[in-house]
Amino acid sequence: MPNILSSLVGHFFPSLDQLGSFKAIEVTELPEAYQSLLAHDDHMTVTVEAWHNSLVDVRVLDEKYQGSMYTRKIVLKLQRDNHPVQFGIMRVDLKDLPEIVKLEIQSQALPLGRIMIRHHLMRTVELCQLWKINPSPELRLYLQYEKEGAIYGRTARILVADKPAVELLEIVTA
């Protein structure tokens, strides 16, 4: 498995299995609904909001600091009914970001994508890998997901001014 997945998960879980079993897949293996949600180079905040026709709020479940690196485990919830639609782990290198952006990220008040868009940061979102996930009971609980079968996610990174700034694990429900 690519290091980005193991590295991100390792900040909050003793093993990847605690979230579920992950299988790397190609875009053609994604169900159609998940293709729209995951197979793109856009901010997930915007994509999830458009898909669900609702703004989302961020709920930070845990956070860690290591030098200039800030890592957090989050759930995005729809504003209209507070239903969780995304579980994620993000690690951001704060050192080269504008001070206002750092403060907004650390305030935990807004999703990362909304902050970056609001401040017009020169950024590129790069899809690293798509994942088919057999969710663990813990991941099901985070997402309030009761259906049988797989869910899907992606690892991605964000470059700011052509420099790696953010690594992401994003798991969504359709």
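The working numbering puts the first residue of the sequence shown at -7, with every later residue one more than the last.
Heads up, the beta-carbon is just placed ideally off N, CA and C, and yes, glycines get one too.
Task: ALA16 in three-state terms, based on DSSP - done: As a first step, residue 16 is located in the sequence shown; it is residue number 24 there, counting from the start. Three-state DSSP puts ALA16 in a strand.
Open item on the list: Tell me whether the region 60 to 79 and the region 32 to 42 touch, counting them as touching only if at least three CB pairs, one residue from each stretch, are closer than 8 angstroms.
Closed with: yes
Task: Residue environment, LYS124, which counts as buried when at least 16 other CB atoms sit within 10 Å - done: As a first step, residue 124 is located in the sequence shown; it is residue number 132 there, counting from the start. Looking at its Cβ environment, which holds 16 or more other Cβ atoms inside 10 Å, LYS124 is buried.
Open item on the list: Quick test of the definition: if touching needs 3 or more C-beta pairs under 8 angstroms, does the region 127 to 144 touch the region 19 to 36?
Closed with: yes
Open item on the list: Based on DSSP bridge pairs, tell me the residues matched to TRP123.
Closed with: Mapped onto the sequence shown, residue 123 falls at position 131. Among the bridge pairs identified by DSSP, TRP123 is matched with ALA16, GLY145.
Open item on the list: Less than 6 angstroms between C-beta atoms, sequence neighbours within five positions excluded: which residues of the same chain meet that for ILE150?
Closed with: Here residue 150 refers to the residue found at position 158 of the sequence shown. If we look at ILE150 and ignore the five residues flanking it on each side, its Cβ neighbours are ARG115, VAL117, ALA157, VAL158.
Open item on the list: Here's a check: name, in chain order, each residue in its chain whose Cβ is nearer than 6 angstroms to the Cβ of HIS137, leaving out the five neighbours to either side.
Closed with: By 1-based counting over the sequence shown, the position of residue 137 is 145. A small correction: the amino acid at residue 137 is Tyr; His does not occupy that position in the sequence shown. Closer than 6 angstroms at Cβ, skipping near neighbours: THR165.
Open item on the list: According to DSSP, is ARG110 part of a helix, a strand, or is it coil?
Closed with: Taking the sequence shown and counting its residues from 1, the one referred to as residue 110 is at position 118. In this structure, ARG110 counts as helix in the three-state DSSP scheme.
- [ ] In the DSSP assignment, find the unbroken alpha helix (DSSP H) run with TYR26 in it and report its ends.
- [x] Position 34 of the sequence shown holds residue 26. Unbroken alpha helix (DSSP H) run through TYR26: 24 to 30.
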